[in-house]
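**Student:** Below is a structure I'd like to ask you about.
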Amino acid sequence: MKKIALMALIGTLALASCGKNTAPEVTGTSKTIAFKAMLPNDVAYKGSAGTAKYIDLSSGDRATTLTATGLKANTKYLAHYHLMGTASTTDACASNGSVLNGMIGDALTSDASGALTLKGLQNIAALNGAAYINIHEAAALSVVPLCAPLK
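Numbering-wise (the numbering used here), the sequence shown opens with residue 231 and increments by one.
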């Protein structure tokens, strides 16, 4: 009988502790930056636009949400944070900087109308020095329809 009561108590405590897991607290201000169209003369990307939104969390991660429209339909895309490169000292998006901390989320496919949402969590410290975010075609990384300058 004592074993049953003890097991019931342990089970109750275990279940009660489940509700204590909460999402990380927001530690910074949400920032939203408009994407700059990088291929305005390309018929496939005419009218491409979107926003990059990010916010820092108490977990030490940055939550990033990228929304884009006017992309090629049913095409796989990926995104990265980049350092400022040396190809331009005034335009981060034209500077050709190195990728920081891998991809933002996973590579995803745009819908039939060319809309896409990419989301990811990355360590804030690993993004130190980030100057811009690019959205690339996954099959052709040199094709960069959108860029969001962070500075």
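Idealized CB from N, CA, C, for every residue including glycine.
1) Would you report the Cα separation of I365 and T297, rounded to the nearest angstrom?
2) If we ignore side chains and look at the alpha-carbon of each, how far apart do A342 and D336 end up?
3) Is the number of C-beta pairs between the stretch 272 to 292 and the stretch 300 to 309 that are closer than 8 Å three or more?
4) Once you ignore the five residues that flank L351 on each side, which residues in its own chain have a CB closer than 6 Å to its CB?
5) Mark G327 as exposed unless 16 or more other C-beta atoms lie within 10 angstroms of its C-beta, in which case mark it buried.
6) Measure the alpha-carbon distance for A360 versus H312 and round it to whole angstroms.
7) Using the Cβ count rule (16 or more neighbours within 10 Å means buried), how would you classify L371?
**Tutor:** According to the data block:
1) 10 Å
2) 19 Å
3) yes
4) The residues are D291 and A293.
5) buried
6) 5 Å
7) exposed
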